[in-house]
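Trainee: Sharing a structure here in structure tokens format.
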Amino acid sequence: MKEEVRVRFAPSPTGELHIGGARTALFNWLFARHNEGKLILRIEDTDVVRSRKNFSKSAMDSLRWLGLDWDEGPGKEGDYGPYFQSQRLSIYQKYAGKLIEEKKAYLCYCTQEELEESNRKMRAKNELPRYDGRCRTLSPTQMVNLEEKGRLPSIRFKVPEKGITYVEDLLRGKVSFSNEMMGDFIILKSNKTPAFNFANVIDDALMRITCVIRGDDHLSNTPRQILLYKALNFENPQYVHIPMILGKDGAKLSKRHAATSVSSYRKEGYLPWALVNYLALLGWSTADSQQFFEKEELIEKFSLDKVGKSAAIFDSQKLEWMNGEYIRRMNWGGLWDRFDGWWRIIQVEQEKQEKRANMFKEVGSTTTKMAEIIQVEQEKQEKRANMFRQFREDPDKMAEIIPLVQPRIKVFSDIFEQADFFFEKDFNYDSTAVDRRLKKDYVPSLLKEIRKRIEQLSAFREETLEGMARNLSKDFSLTTGQVFHPLRVSLTGKMKGPGLFELAVVLGKKEVLRRIDRTLEMLRKL
RNA sequence: GUCCCCAUAGUCUAACGGAUUAGGACACUGGGUUUUCAUCCCAGCGAUGGGGGUUCGACUCCCCCUGGGGGCACCA
């Protein structure tokens, strides 16, 4: 029987799940699903200083939102738990003790300062900065002396001084590292928590991971890990180091590259599958460069040997395009459900933020400027909430509006600027629109005439409206544009938007007349 | 600095020594449709980083250079 495929995704909760992490999770997930194996989620939260519990939660939320489900991990206990490293401390300590007993590791009493000094010197000599092994040969009395000084030991792994360690990578072949480059590294910190390389190895071995799929940036760590597997008498897994995702400037993706967290894309109103589809194409492709995949299709077609080796730059423009494409392919009912679901999430987020803002207010730590920003934000949010309320209360109207905005939005948050005028009675006129379309001598009389003819219209429908407008342009010797443009601005306040007569019908005769009056009123005051 | 990885258009990529004007997609430019914007349709722009080899033949294999990225932490 073939061995079951077991892969893992092991984020550390020191920040929101970012795009790179999500892509790594995706490749692991695809590999597991393709091979009918298991995906294990493990939270690497051993850095007590930087790890935060809410980041674990939000990472899992992000994964769930993307639809990347795991078979073992938090919330899905399996046979190899616990799945939080912070709950496995005694395991690491046990194995570290074992290595000491076998003389494969030793106690190190060096202080931070001593190490920095030593590294600095080596750098000055143009040598590779690495631990010089000074505590390898400490005698018991020396240790006692150091302990009496109050020094807490860490545990270092004895790296063989000679020899070469090979990493067999499925993507890159055999990569060799000479052991003398490595220097004895720490496996257990002085606070008794494990260092990354150590915890990683212990867990992957104990959780019976068969294949480690992770970012390129871990390739240089791998020889250390392989040495540990050997020392512990564990068999090491297979390795696949996938290329990294870089920012637009070619540097490692970081906070300064606009939105990098999965949650920010969720808030913006991206469809999870559009993000997944886009991410799959970063470093992987089919022979025919297919762009769109259904879920089942992607699982079926995914294979590691079609994964590329070079880093990819994250192109948010293409992601936007792809999201818009997915939106356009949806039927309006499905689209509405998505809108609505998205909006509920946003509201919850918003309420949390408001609470936080109010707390600051109470404490009195907000400046007037901050308060202003919060005020503006809240008003905007209120308008948006109002829009969604009306959407929900009037499904018929919603059904009319959705098709009009559908080809015009790339992400859900676009809907506000596309459709706000449907709901806002006293919208502001765009100033350039007023200058270019309304500030003409003929406009007031034109609008009055339009108003008159609309009132006389037997039926308020697209065709009759358009016929009316076209006739009017002839009667006045105006181009159609000269008639349509001012009317658009009058009804929407904007220069662009859905078809003029379509939107007029949605607004209704009464509202259209009211808006024309409002514009005439506004022009009088100019 | 040093070790490791990588290298097809601005970007994501295809072509796993031989049917190719080096294919597709995003972006960009132009045109068509439309009352605007978007959509949609058509067209265009644009790449094998440089230099040596190997071979009858290199995007593809080898070497050097250059460029980019990553590691070298009591971070993961």
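Sequential numbering of the first sequence, starting at 5, is according to this note's numbering. Every residue gets a Cβ at the ideal spot worked out from N, C-alpha and C, and that includes glycine.
1. Do Gly-497 and Phe-431 count as a contact pair if the criterion is CB distance below 8 Å?
2. Pairing CB atoms from the segment 76-87 with CB atoms from the segment 176-185, are three or more of them under 8 Å?
3. Helix, strand or coil: how does DSSP classify Asp-319 here?
4. According to DSSP, what are the bridge partners of Arg-124?
5. Under a Cβ-count criterion, where at least 16 other Cβ atoms within 10 Å of its own Cβ denotes burial, should Val-266 be classed as buried or exposed?
6. For Ala-11 and Gly-312, what's the separation of their Cα atoms in angstroms?
7. Counting pairs of beta carbons, one from the segment 161-173 and one from the segment 212-221, are three or more of them closer than 8 Å?
8. In angstroms, rounded to a whole number, what distance separates the CA positions of Arg-360 and Trp-288?
9. Name the two residues that bound the continuous alpha helix (DSSP H) containing Arg-12.
10. Identify which residue in Thr-115, Val-205, Asp-221, Ala-100 has its Cα closest to the Cα of Phe-161.
11. Would you identify the three-state DSSP class for Ser-289, choosing helix, strand or coil?
12. For Ile-95, I'd like the list of residues in its chain whose CB is within less than 8 Å of its CB, leaving aside the five on either flank, ordered along the chain.
13. Rounded to whole angstroms, what is the Cα-Cα separation between Ala-315 and Lys-256?
14. Can you tell me whether DSSP reads Val-216 as helix, strand or coil?
15. When burial is assigned at 16 or more other CB atoms within 10 Å of the CB, is Ser-449 buried or exposed?
16. Between which residues of its own chain and Gly-512 is the CB-CB distance below 8 Å, once the five residues before and five after are set aside?
17. Cβ of Leu-461 within 8 Å of Cβ of Met-472?
18. Hey, could you find the ends of the alpha helix (DSSP H) Arg-492 is sitting in?
19. What is the residue span of the alpha helix (DSSP H) that Lys-42 lies within?
20. Can you grab the Cα-Cα spacing for the pair Asp-51 / Thr-197, in whole Å?
21. Helix, strand or coil for Glu-62? Go by DSSP, reduced to three states.
22. Count the other CB atoms, across all protein chains shown, that sit within 10 Å of the CB of Val-352; report buried if there are 16 or more and exposed otherwise.
23. Buried or exposed for Lys-42, going by 16 or more other Cβ atoms inside 10 Å?
24. Could you work out which residue in Asp-309, Gln-410, Val-516 is closest to Trp-340 when comparing CA atoms only?
25. Check whether the segment 274-282 touches the segment 327-335, taking contact to mean three or more Cβ pairs, one atom from each stretch, closer than 8 Å.
26. How is the beta strand (DSSP E) around Ala-109 delimited, first residue to last?
27. In the DSSP assignment, find the alpha helix (DSSP H) that holds Val-52 and state where it starts and stops.
28. Buried or exposed: which applies to Ser-158, given that a residue is buried once 16 or more other Cβ atoms fall within 10 Å of its Cβ?
29. Taking C-alpha atoms, which residue in Asn-39, Ala-109, Glu-383 lies nearest to Leu-231?
30. Confirm, please, whether the CB-CB distance from Gly-273 to Trp-336 is below 8 Å.
31. The beta strand (DSSP E) that contains Tyr-446, what's its start and end?
32. What are the start and end residues of the beta strand (DSSP E) that includes Tyr-170?
33. Per the DSSP calculation, His-261 is bridged to which residue(s)?
34. Pull up the CB-CB distance for Arg-134 and Gly-187, whole angstroms please, since I reckon it's below 8 Å.
35. Terminal residues of the continuous alpha helix (DSSP H) containing Phe-425?
36. Using alpha carbons as the reference points, say which of Pro-407, Phe-392, Ala-291, Arg-388 lies closest to Arg-333.
Mentor: Here's the rundown:
1. yes
2. no
3. coil
4. For Arg-124, which the question treats as bridged, DSSP gives no partner whatsoever.
5. When all chains shown are included, Val-266 counts as buried.
6. Residue identity check: residue 11 is Val in the sequence provided, not Ala. Their Cα atoms are separated by approximately 19 Å.
7. Taking 8 Å as the limit for Cβ pairs, the verdict is that the segment 212-221 does not touch the segment 161-173.
8. 42 Å
9. Per DSSP, Arg-12 lies in no alpha helix (DSSP H); the unbroken beta strand (DSSP E) holding it starts and ends at 10-13.
10. Ala-100
11. coil
12. Ile-206, Leu-210
13. 10 Å
14. Val-216: strand per DSSP, three-state reduction.
15. exposed
16. Phe-464
17. yes
18. Here the alpha helix (DSSP H) through Arg-492 covers 484-496.
19. Careful: Lys-42 lies outside any alpha helix (DSSP H), inside the beta strand (DSSP E) at 42-45.
20. 8 Å
21. According to the sequence as given, residue 62 is Ser; it is not Glu. Three-state result, Ser-62: helix.
22. Around the CB of Val-352, fewer than 16 other CB atoms lie within 10 Å, so the residue is classed as exposed.
23. buried
24. Of the listed residues, the one whose Cα sits closest to Trp-340 is Gln-410.
25. yes
26. Its beta strand (DSSP E) spans residues 109-112.
27. From DSSP, Val-52 is part of no alpha helix (DSSP H); its letter is neither H nor E.
28. buried
29. Of the candidates Asn-39, Ala-109, Glu-383, the one whose C-alpha sits nearest the C-alpha of Leu-231 is Ala-109.
30. no
31. Unbroken run through Tyr-446: none, as it is neither H nor E.
32. First-last of the beta strand (DSSP E) with Tyr-170: 168-173.
33. Partner(s): none; His-261 has no beta bridge.
34. 3 Å
35. 419-427
36. Looking at the Cα atoms, Pro-407 is the closest of the given residues.
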